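In the numbering used here, the protein residues as written are 9 to 214.
Only one structure is covered here, and it is reproduced in the block below.
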Ligand SMILES: C[S@@+](CC[C@H](N)C(=O)[O-])C[C@H]1O[C@@H](n2cnc3c(N)ncnc32)[C@H](O)[C@@H]1O
């Protein structure tokens, strides 16, 4: 794998537990995320309101909980997940095995800044709890704007919201960082809204 770089929020390389899950620690992190971030995935899925036949890209799918919910709880057409962690690919592939076999789900290596996807190829792009980890916020936003279809929507969320869990509280981004995300999105998209669910701060851009 290429050097993942340092997160734009901390200036530090990603940790092996959750930011770039690696080895046995990363598998443990994936299991923890599958339990702790579940309500966040649900809230973002509800906001996304994926319509029948829409193509969906999930960026940084981690253990694959949201991918599995996209399969069972929506009528999305093509569902593509990208993540740089081979360990998370194994975990997500287990959760979506049947949908991979019938070609509804595809898992590929990739990051927000380098998705490897063709231009204007998705109706909906979702990314939950990854934006603070990206090495280059502006490059990630530019790349997601490139692969979103005109008229499509991007939902980018991070731990927060009106009632964050105790575990999530230490990960909430300070207001200045959230404003920086808003500004980066405003530079790449025609419209950007900031929303708060119970457990997430969410940006919806189109
Ligand atoms: C904190 S986990 C979140 C996983 C899942 N979305 C969730 O909410 O439970 C971060 C995930 O983003 C992936 N990741 C790391 N660097 C990334 C990047 N530059 N772009 C996209 N995803 C990245 C990691 O491999 C990991 O699976």
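Just so you know, even glycine gets a beta-carbon here, dropped at the ideal spot from N, CA and C.
Note that this is a predicted model, so its numbers are computed, not measured.
For residue 104, the distance from the CB to the nearest heavy atom of ligand 1 is not below 8 Å. Per DSSP, the continuous alpha helix (DSSP H) segment holding residue 39 begins and ends at 31-44. Residues 20, 21, 143 of the same chain have their beta carbon placed closer than 7 Å to that of residue 14, with the five preceding and five following residues left out of the count. DSSP links residue 180 through a beta bridge to no other residue. A contact is defined here as three or more CB-CB pairs under 8 Å, and the region 106-125 fails this definition with respect to the region 40-54. At least one heavy atom of ligand 1 falls within 8 Å of the beta-carbon of residue 96. Within the model, the alpha-carbon separation for residue 92 versus residue 170 is close to 30 Å. When C-beta atoms of the region 92-101 are compared with those of the region 27-38, three or more pairs fall below 8 Å, so the two segments count as touching. Secondary structure note for residue 84: it is in no beta strand (DSSP E), with a DSSP letter that is neither H nor E. In this model, residue 165 and residue 207 are separated by some 10 Å (Cα to Cα). Secondary structure note for residue 201: its beta strand (DSSP E) is the uninterrupted segment 200-204. For residue 60, the closest C-alpha among the options 87, 102, 66, 48 is that of 87.
In the DSSP secondary-structure assignment, residue 54 is not bridged to any residue. Here residue 209 carries a strand assignment [DSSP, helix/strand/coil]. When C-alpha distances from residue 213 are compared across 89, 66, 110, 153, the shortest belongs to 153. Taking residue 51 as the centre and dropping the five residues before and after it, the same chain places the C-beta of 205, 206, 207, 208 closer than 7 Å to its C-beta, in chain order. Within the same chain, and ignoring the five residues on either side of residue 145 in sequence, the residues whose Cβ sits closer than 8 Å to its Cβ are 16, 139, 188, 189, 192.
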